[in-house]
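Below is one structure, written out as structure tokens; comments come after it.
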Amino acid sequence: AGELMLAPKDSNGVPHPEMAPDVVNNSWGGGPGVDDWYKTIITNWRAANIFPEFSAGNTTPYNPGGPGSVANPANYPESFATGATDINNKIAGFSLRGPSPYGGIQKPEVSAPGVNIRSSVPGSEYEGGWNGTSMAGPHTSGLVAL
């Protein structure tokens with residue numbers, strides 16, 4: 007589906023590269039470590055001047071966090087990773103950390119509010135109390151879009 011961002015299609019299936027977004031907010035990811043499965047897509051986004059924001063990821067049973075835990079594809083050099091902060095501007099305990107396994111580069115590049123966030127939910131409603139780097143990433147994407 008990442009290729010669609012390069013040339014969104016109209017209702018007749020005709021691709022329109024002029025309609026490609028400037029920013030793509032990605033609130034998903036894989037495990038830690040080197041895994042190039044999505045790298046070509048992000049490289050192509052960068053070549054098309056599409057900014058690839060990725061949430062850094064949250065601790066899970068298979069990724070308990072700590073140094074070098076940031077999930078792929080957020081850990082790619084071509085991706086811009088966002089971690090989460092709490093109300094005191096401290097890194098949230100669940101927020102995955104760098105460095106990246108790709109040359110030890112700094113990841114995440116930035117952290118944004120990701121604890122007790124008010125967000126949209128199905129049914130055109132809003133709720134508070136959401137936590138995660140998926141709540142932080144849209145702050146970064148919004149700022150880049152401005």
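Throughout, our numbering is defined as the position within the sequence shown, counted from one, plus 6.
From the three backbone atoms N, C-alpha and C, an ideal C-beta is built for every residue, glycine too.
These numbers were taken from a predicted model, which means no experiment stands behind them.
Query                                                                                                           : Result
His-145 classed as buried or exposed, judged by whether at least 16 other C-beta atoms fall within 10 angstroms : buried
C-beta contact flag for Gly-143 and Glu-59 at 7 Å                                                               : yes
Sub-7 Å separation of Ala-87 and Lys-113 beta-carbons                                                           : yes
Own chain, CB closer than 6 Å to Arg-4, minus 5 neighbours either side, in chain order                          : In the structure as shown, the chain starts at 7 and stops at 152, and residue 4 therefore has no counterpart that could be examined.
Cβ-Cβ separation, Ser-75 to Ile-97 (assumed contact under 8 Å), whole Å                                         : Rounded, the Cβ-Cβ distance is 12 Å, inconsistent with contact.
Glu-131 in three-state terms, based on DSSP                                                                     : strand
7 Å Cβ cutoff met for Gly-120 and Gly-138                                                                       : yes
Burial state of Arg-103, where buried means 16 or more other Cβ atoms lie within 10 Å                           : buried
Short Cβ contact (7 Å threshold) for Val-30 with Met-11                                                         : yes
Residue burial classification, Ala-151 (beta-carbon count within 10 angstroms, cutoff 16)                       : exposed
Sub-7 Å separation of Gly-35 and Ala-90 beta-carbons                                                            : no
Span separating the alpha-carbon of Gly-99 from that of Asn-55                                                  : 33 Å
First and last residue of the uninterrupted alpha helix (DSSP H) at Asn-50                                      : 45–53
Per DSSP, cross-strand counterpart(s) of Ala-118                                                                : Ala-90
Rounded separation between Pro-70 and Pro-38 - CA only                                                          : 10 Å
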